[in-house]
């Protein structure tokens, strides 16, 4: 059983991108988060961006499900 500091120092975890850094609003430096644990050859998962803040991407999502601009407003 590893402690978190041992995971961060393990080269195997680094190669597998099990801890990745993402920008986070309000933080001066990137924050470390868990990576995708399952790596498949043809459909590899990845962390592409941080999770949105509450309501941050609501307008974009509503547009993708064809909500009218008046409904979004």
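Numbering (the working numbering), first residue to last: 17 to 89.
Glycine included, every Cβ here is placed at the ideal spot set by N, Cα and C.
Leaving out five residues on either side along the sequence, give the residues of the same chain with a beta carbon under 8 Å from the beta carbon of residue i.
i: residue 18; result: 26
i: residue 79; result: 88
Take residue i as the anchor and find which of the options has the nearest alpha-carbon.
i: residue 48; options: 56, 70, 30; result: 30
i: residue 68; options: 44, 21, 53, 77; result: 77
i: residue 51; options: 23, 73, 62, 24; result: 62
i: residue 60; options: 81, 28, 32, 82; result: 32
i: residue 54; options: 34, 82, 43; result: 34
What residue range does the beta strand (DSSP E) around residue i cover?
i: residue 63; result: Segment: none, residue 63 is in no beta strand (DSSP E) and carries neither H nor E.
Spatial neighbours of residue i within its chain, please: C-beta separation below 7 Å, excluding the five flanking residues on both sides.
i: residue 85; result: none
i: residue 66; result: 38, 39, 40
Going by the DSSP bridge assignment, what does residue i pair with across the sheet?
i: residue 35; result: 50
Quick check: what's the CA-CA separation for residue i versus residue j?
i: residue 45; j: residue 56; result: 30 Å
i: residue 71; j: residue 36; result: 24 Å
i: residue 42; j: residue 23; result: 26 Å
For the alpha helix (DSSP H) containing residue i, name the first residue and the last one.
i: residue 88; result: 85-88
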